[in-house]
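To convert a position in the sequence shown, counted from 1, into my numbering, add 230. This report refers to the structure that appears directly beneath it.
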Amino acid sequence: MDTIIRDPARRRLPEILAPAGSREALDAAVAAGADAVYLGGPRFGARHFAENFSEDDIREAVRYAHIQGVKIYVTVNTLIQDTELPDAISYLLSLYRMGVDAVLVQDIGLFWLSRECIPGLPLHASTQCTISSREGARWARKTGFSRVVMARETPLSEIDRILRDPGLERPGIEIFVHGALCYSYSGQCLLSSVIGGRSGNRGMCAQPCRKSYRLVQGLPDDYGRLAGLQEVPCEGRYLLSTRDLCVYPSLDEIVKRGVDSLKIEGRMRSPEYVRTVVGAYRRALDALLEVKTWYSSRDVEDMALAFSRGFTRGYLFGECGQALMGRDQPGNRGLMLGLVAGSRGKKGGVRVRPAAGYVPVAGDGILITDPSGRDLVGYALNRNAESSGSDLILPGAPVDIPPGSRVYVTKSMLLSRDKRGSPRSIPDAVRIPARIKVCITTGEPIQGRASCTGREGKAVSVQCTIPFIPEQAVKGPASRKDIIRQVQKSGNTPFQVVEVDLACQGDPFVPLGELNRLRRDLLTALESAWLQASLPDDGEIEASVSRVRRFIDEYTHSLIHKERSGKRERAPEIGVYCGTPEELTAACDAGCENICYEPEEAGWTECLQELVEASRYCREYGSTFTWKWPRITGGEFLERALRHVHDLYCAGICRIMVEELGMAEAILGREPRMVVLGGAGLNIYNARAAFALSPHLSGITLSPELSSDRIGTLVALSDRMMPGIRYEVICQGNLEVMVSKDRLLSVLAPQHMVTRSTQFGIQDETGHIFPVYEDSVGRTHVLNAVETTLIDRIPFLAEAGISCLAIDARRRGPRYAHDMTALYMDGIGALLQGLDDTDTWTCFKSRARMMARGGITHGHFERGVPGFS
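Structure below.
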């Protein structure tokens, strides 16, 4: 076995973090030189449909990886229901006892619960937490996260801002460097959830972003509904499909910045993929450490052969448009081999001008597309390609191939046989330096002692005695050199015996087999002791077990007796999300009590003036005004907005709604008197999450993926922990299901004429149209094709203790804002009159349907999203 001693100098390099969806992938990652591996267990992981690991599998994976110097991180990065929290915290306790190195979490309630019950368990903020700013990273560190997986959309400039923070003010920074990209910010995508009930926030994404869509446009009617629809010609049918991330060509730029971990996506990928990609990055990093030439075109080709939708360096390096998106196709393209120079039919072969150094062999998968990118034919080679001058001749395709067509290798037999992509000059394991002392005395049992340094610098030692009693040698005794050589053999163990201290009295005779037995017993015992030393202390485990049991007992009692402590004292208020002065005025005229205002205006001077005027108008009407921040803020917005927070408060703007973690603390750090509300983007899914954020939030909008039962449970439990917190539910409007940094409307041809009133949508294969718009900074927002309507559920929501029923009237125009607000005010009036007959509420629902865009739905209110089985 090829081995090396662990090199402390490697600690100056970022960690290579590899994916493993199976034991075979774990083996491949370790063999290829990963520093750490992340994997998912049987429940609560974001890759529900991967093979994943049982708890016994994880325990064995930890032992296997740790003994080879590799860390194991386990993903528990989904939203957790209230009723699942006891199981989830018990699972985290099991992982802690196994000695996993960290757990990735998304749910803030589970995070806080873990900090309370299992304080010794390191926690990483998953990319689903949508942290993309210095302020978010600071919040994560102060809250107790040891590391943040930054959103893939975070640019290098923001990474630099974070890394310039003093070490104590920032957590470890992990960035994605390779693999699939999501179209939406992770954690903010509900498209799969609303289409088929498979929630990405519950690990069950069906990847509707890889489906085909048509871009359509029209003009809005008085209720903001698209009319006069026309298809917009554009290149590519897969409007939401991204290329695959590959920052390998710019790896030196990443390394010099000092990030802590380089993450490779791919828990649904094959062991071959893991081995190939991890090996390529390992070789490059090691070469960078030694100041050698590190870039390898062969490694880039290998990675493309393993899986590729076409590579991009991503938002990290500012790539966008065609450099980022793969709208022509959503699946694996592999390696682009070259362009067709000519074809002579099935017998004559296809002449290819190569763009890569790879030469296809029999069994390779070939895909040929025409010059426009349309698939022509895919087939497997029945014999090796041949060279002809500078060209390649492929065995003939079953159809005629026009010149200029592109040839891709989608499957490589060489890669499958590990002749390419296997680790080159990468050790199979990383040996642990060990020292052995042997005491041999004539007439006494042989004694030995082995020692090494454990993880985190702990000293580890074991002693062993074998029953063999050496006698005085009749002939020449074994030499010291022979004994030391025999004891030094470490075989297939994780140790490298670097020193043997031999104490030998007399001239004893010792058979080689007895020396071998002593060495085996010592190294076996040392391995067990080394692994034990990497586990938490027994006292810490016992204390954590006690805290977890106490929580489960108390929480189970609360779930059984979860009736609300008090009945509704007043009817819910009606809140309206607006984006223009006209929408705001119309909502106020209809009696709206709460305005949540997100200006559509792009310029800061105009925006600030608009906010002040809107706030003044609301005061005149007796409506409460809240400045709603964008779902994703970005560094530039934050810098400017925080600068004005104090002045705006003095001007009468006393409430702000945020949808990102850490923003409330940033605001209150500038103006402690500001009232901060939490929006739907915070993904509040259980009472513990609400409790965790309540010290800085005066009100919370609940996740739109919660069912009525789960809303009732959350509010009832919340009443026991923190009476008085105000909850909001979005009751009306087309739910925002995606927010993306991509400018989708950039696909429009330059000559395509649009007016300020033109609106757009994307139409799926079933005919549903999802409204689309770009905000003032160019982010794309995709809305649900049908409109959420909960007006007939007002009695339940009121009884459950919901304080505010929100209508999203943004970009719907003043008539919608007025009429829908008036309708909900009528609903509140009916509630106060005690009208509970079905006909009344059915009539309200019918009136809402007449104004709705794309039909109406209760969304997840009736059934919610599936739980973990």
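Every residue, glycine too, gets a C-beta built ideally from N, C-alpha and C.
- Put simply, of V888, G556, E995, D265 the residue whose alpha carbon is nearest the alpha carbon of E828 is V888.
- Taking a contact to require three or more Cβ pairs closer than 8 Å, the region 496 to 507 and the region 991 to 1000 do not qualify as touching.
- C-alpha of P601 to C-alpha of C412: approximately 27 Å in a straight line.
- Taking 8 Å as the cut-off, the beta carbon of V740 is found closer than this to the beta carbon of I670.
- Scanning the region 335 to 404 from its first residue to its last, the whole beta strand (DSSP E) runs of 3-plus residues come out as 353 to 355, 377 to 379.
- For S252, the secondary structure class from DSSP, reduced to helix, strand or coil, is coil.
- Excluding its 5 nearest sequence neighbours in each direction, S429 has C-beta neighbours in its own chain below 7 Å: S422, S423, E935, V1095, listed in chain order.
- As computed with DSSP, P663 is found in a beta bridge with Q726.
- In the DSSP assignment, G899 falls outside any beta strand (DSSP E) and lies within the alpha helix (DSSP H) extending over 893 to 900.
- When DSSP states are grouped into helix, strand and coil, Y588 belongs to the coil group.
- Beta-bridge annotation (DSSP): G448 is paired with Q989.
- Take the alpha-carbon of P272 and the one of C435: they are about 16 Å apart.
- N431 is classed as buried because its beta carbon has at least 16 other beta carbons within 10 Å across all chains shown.
- Of the other Cβ atoms in all chains shown, 16 or more fall within 10 Å of the Cβ of R543; this residue is therefore buried.
- Here R1023 is buried: its Cβ has 16 or more other Cβ atoms, across all protein chains shown, within 10 Å.
- Taken through DSSP and simplified to helix, strand or coil, H1011 comes out as strand.
- Bridge partners of M533 according to DSSP: none are assigned.
- Straight-line measurement puts the Cα of D490 at about 26 Å from the Cα of S527.
- Contact between V959 and I941 is confirmed by a C-beta separation of about 7 Å, below the 8 Å threshold.
- Selection E245, Q677, D331 evaluated against L492 yields E245 as nearest (Cα-Cα).
- Put simply, of A1028, G426, E404 the residue whose alpha carbon is nearest the alpha carbon of R800 is A1028.
- Ranked by how close their Cα comes to the Cα of E399, the residues A536, R364, L386 have R364 in first place.
- H1048 carries a helical assignment under DSSP once its states are collapsed to helix, strand and coil.
- For E812, the enclosing alpha helix (DSSP H) has its first and last residue at 811 to 819.
- Setting aside the 5 residues that flank it on each side, N913 is surrounded in the same chain by L309, G417, N431, S933, each with a C-beta closer than 7 Å to its C-beta; the list follows chain order.
- Exclusion of the five residues before and after I897 leaves L872, V875, I886, V888, M904, V906 as the residues of its chain whose Cβ lies within less than 8 Å of its Cβ.
- Under the DSSP assignment, M951 falls in the alpha helix (DSSP H) whose first and last residues are 938 to 951.
- For L456, DSSP records a beta bridge to P450.
- For a cut-off of 8 Å, the C-beta gap from V778 to L420 is around 32 Å, too long to register as a contact.
- Here the alpha carbon of M566 sits roughly 14 Å from the alpha carbon of D474.
- Nearest neighbour of L315 by Cα position, chosen from I392, L325, H296, F341, turns out to be F341.
- Ranked by Cα distance from V292, the first of L765, G561, M983, A755 is L765.
- Where R512 is concerned, the enclosing alpha helix (DSSP H) starts and stops at 501 to 519.
- DSSP, reduced to helix, strand and coil, places R636 within a strand of the structure shown.
- H791 counts as exposed, since fewer than 16 other beta carbons sit within 10 angstroms of its beta carbon.
- In the structure shown, W524 falls within a coil segment according to DSSP collapsed to helix, strand and coil.
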